[in-house]
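Counted the way the working numbering counts, the sequence shown spans residues 1 to 295.
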Amino acid sequence: MRALVGVDWGTSSLRAARLGAGGEVLEERSSARGILSVPAGGFPAVLQETCGDWLGGDALCLVSGMAGSRQGWQEAPYCACPAGFAEVARSLTWITPGRIALVPGLSCEERGLPDVMRGEEVQVFGALGRLGLQDGTFVLPGTHSKWVEVQDARVRSFSTYMTGETYALLRQHSILARTLPAGDGAAPDEEAFTRGVREAQAAGSLLRSAFGVRTLALFERAAPAALASYLSGLVIGEELRARAPLPREVVLVGSPALTARYALALRTLAWDSRSIGSEATWHGLWALARTLETP
1 MRALVGVDWG
11 TSSLRAARLG
21 AGGEVLEERS
31 SARGILSVPA
41 GGFPAVLQET
51 CGDWLGGDAL
61 CLVSGMAGSR
71 QGWQEAPYCA
81 CPAGFAEVAR
91 SLTWITPGRI
101 ALVPGLSCEE
111 RGLPDVMRGE
121 EVQVFGALGR
131 LGLQDGTFVL
141 PGTHSKWVEV
151 QDARVRSFST
161 YMTGETYALL
171 RQHSILARTL
181 PAGDGAAPDE
191 EAFTRGVREA
201 QAAGSLLRSA
211 FGVRTLALFE
221 RAAPAALASY
231 LSGLVIGEEL
241 RARAPLPREV
251 VLVGSPALTA
261 RYALALRTLA
271 WDSRSIGSEA
281 TWHGLWALAR
291 TLETP
């Protein structure tokens, strides 16, 4: 297979990897040059600065993430679900024909409302390959958490939950901010976090349960340092409540810190999960490149 460079270009950061013929990561680099820091017309120069020495000869470069958005390098139209490797490969937006392409992202619709993702689809495809799966429910935690349903190695549908953003808004810009400590700490207070997860199930509404963060502090029924973990448990617990009943097992894809929180929340509710990290992105881009080069 041709030399392959994979690029995960997000809003606030850029990651690049030089991949071997079997999908192994030969070298990896990262930069703070997310799309919001790149001026109009500046994307080729930033890519060259980051990994230009990898792009010689006939190397193929596949770029996933927000670089394909309207605010990015060039808008790559979404590929409609259901979609697998073949549909995504046919929908690539080529910056340099045969050499540099933007992965399109996916769209789906539920009750007349569209939903979209950029970059997460590559992680799902990578997780499928790494774990040897064809079907399953995949959860990608983050600012906008994604729940993805896969059947026969094709994304059938997905849903977005603004869990991380809701946590940040409540934590920083609501009345709760006056109660919460300045920092979250490296790891959650597990007792407070799981208490929040359970309360989300019992209350049945985050609008009802969130104010309890303040009243627990007012009546000194929770340590101030534990309240951020309690709030985190509430919002993640609300996401899980909205998804119930869950399948027997879900696959968590993302950073170790976030997937660990979700795994703890799932265990609290007696649901099973397994996790895979950033290597899913590189494996997904490698598998997509193989699709391009397989007759």
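Glycine residues also receive a C-beta, built at the ideal position from the N, C-alpha and C atoms. All figures in this text were calculated on a predicted structure; none of them were measured in a lab.
If you draw a straight line from the Cα of G196 to the Cα of V235, it comes to about 8 Å. Between S64 and V122 the beta-carbon gap is near 4 Å, inside 8 Å, which marks them as a contact. Taking the C-beta atoms as reference points, T194 is found no nearer than 8 Å to G6.
Nearest to A127 by C-alpha distance, out of V253, D272, E293, is V253.
Between the alpha carbons of P82 and P181 lies a gap of roughly 44 Å. Taking a contact as a CB-CB distance under 8 Å, the pair T268 and R198 counts as one, their CB atoms being some 7 Å apart. The Cβ neighbour count for L285, taken over all protein chains shown within 10 Å, is at least 16; the residue is labelled buried. Restricting attention to G136, A210, R118, F211, the CA atom closest to the CA of A153 is found in G136. Around the beta carbon of W9, 16 or more other beta carbons sit within 10 angstroms, so the residue counts as buried.
Residue pairing from DSSP leaves T179 without any beta-bridge partner. By the 16-neighbour rule on beta-carbons within 10 angstroms, H173 is exposed. The alpha-carbon of V103 is positioned some 51 Å away from that of E220. Fewer than three beta-carbon pairs drawn from the segment 52-61 and the segment 77-91 are found closer than 8 Å, and the two stretches are therefore not classed as touching. In the DSSP assignment, E293 falls outside any beta strand (DSSP E) and lies within the alpha helix (DSSP H) extending over 279-293. Across the structure, V88 and A225 are spaced so that their CA atoms are roughly 46 Å apart. Excluding the 5 residues flanking it on each side, T291 has same chain C-beta neighbours closer than 7 Å at F85, A86, A89, in chain order. Taking 8 Å as the cut-off, the beta carbon of V251 is found no closer than this to the beta carbon of F125. Listed in chain order, the beta strand (DSSP E) elements of length 3 or more contained wholly in the segment 53-119 are 60-65, 93-96, 100-102, 106-110, 113-117. In the DSSP secondary-structure assignment, Q151 is bridged to R154.
Counting only the Cα atoms, L14 lies some 41 Å from L216. If you look at G237, you'll find it in the alpha helix (DSSP H) that goes 227-243.
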